[in-house]
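Worksheet for the structure shown next.
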Amino acid sequence: PDRYAVIGHPIAHSKSPLIHGLFAQATGQDMTYGLIDGGADEGGFARALADFRASGGRGLNVTLPFKVQALAAADEASEDARLAGAANALRFDGGRIEARNFDGIGLVRDITHNLGAALAGRRVLVLGAGGATRGALRPLALAGAAEILVANRTADKARALAEELAPHAGACVLRGGGFDALPGAAPFDVVINATSASLSGDAPPVPASAFAPGALAYDMVYGKGLTPFLRAAQAAGVTRVADGVGMLVEQAAEAFAWWRGVRPDTREALARLTVPLE
Ligand code: ATR
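Residue numbers (full-length UniProt numbering): 2 to 279.
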């Protein structure tokens, strides 16, 4: 069988082996999918990558904290990976390393296919201006969002990021600012939390007026139940809330299709991993 794996640190609780195992079974692919802990010391990722390739590995998913190193190790990268400054999937083709970043397209597919929310022509608010936002902006723009506002605790970081990515956003109007711009802004149809605030039990300060009627509130984290951000959205009257589990499954499907040339149905993996938000 062909060998694949996910590499990160820590990695023990990754859902990727389960997801890719389901995909492989459903599509009849002869492959294995393992876990690699890249460790905490410098050089750990490079060594693990070299070992895996030397032993015949065909491709890797890459998660924290190695996504930037994964891009740097590649001979060729997609525009999404280059603009994200990070890769979450690698493919080993002869002596070459190819890099992709499917996080943004995974987010778009989850929102539009699984959650049934439109992006085309809509106003989108993205909270946070770190790596997660960087990877999401071009895919959201190319999905047809009319306007994207990046709002961040550090306003200058959001402005700089929006300015950098605006030339790659097609017809989408991409702007950045601080959270203080939100109370005066027109409401948004999709509000995405891409800050790491949930991880510390915090919520970015979003006023109730930021949510349009029927808005979707989306938190990129998963496995945390209703996050402070999603609770705040509900308190503002939002009834459509989602965490990032579907984004995880959809980015995995993109990587699987890229590696194997066959697109897996994601419904079973979604059903297995989705827990009711409460
Ligand atoms: P990631 O790669 O997950 O995006 P990151 O690059 O460290 O991580 O970015 C984290 C983002 O979450 C940043 O936008 C950060 O805001 P600052 O740029 O002002 O630091 C944001 N963030 C982290 N904790 C937050 C909090 N408690 N409230 C609001 N924003 C927070």
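For every residue, glycine included, the Cβ atom is placed at its ideal position computed from N, Cα and C.
This structure is a prediction, so every number in the text was calculated from the model and none was measured.
Under DSSP, TYR34 forms a beta bridge with TYR5. By the beta-carbon neighbour count (other beta carbons within 10 angstroms, threshold 16), THR64 is buried. ARG273: member of the alpha helix (DSSP H) spanning 268-274, first to last residue. Between ligand 1 and the CB of PRO2, the shortest heavy atom gap is not smaller than 8 angstroms.
For GLU164, the uninterrupted alpha helix (DSSP H) run begins and ends at 156-166, by DSSP.
Under DSSP, ALA152 shares a beta bridge with LEU128 and GLY178.
Residues GLY39 of the same chain have their beta carbon placed closer than 7 angstroms to that of GLY45, with the five preceding and five following residues left out of the count.
Closer than 8 angstroms to some heavy atom of ligand 1: that does not describe the Cβ of ALA88. The shortest C-alpha to C-alpha distance from ALA253 to any of GLY22, LEU166 and ALA146 is the one to GLY22. With contacts defined as CB atoms closer than 9 angstroms, ALA216 and ARG232 fail to qualify as a contacting pair. One alpha carbon belongs to ALA187, the other to GLU77, and they sit about 41 angstroms apart. In this structure, VAL192 and VAL174 do not form a Cβ contact; the two beta carbons are roughly 17 angstroms apart against a cut-off of 8 angstroms.
Per DSSP, the unbroken beta strand (DSSP E) holding ASP220 starts and ends at 212-220. For VAL191, the secondary structure class from DSSP, reduced to helix, strand or coil, is strand. Fully contained in the region 37-114 are the following beta strand (DSSP E) runs of length 3 or more, in chain order: 60-63, 90-94 and 97-101. Put simply, the backbone Cα of ALA258 is about 22 angstroms away from that of LEU84.
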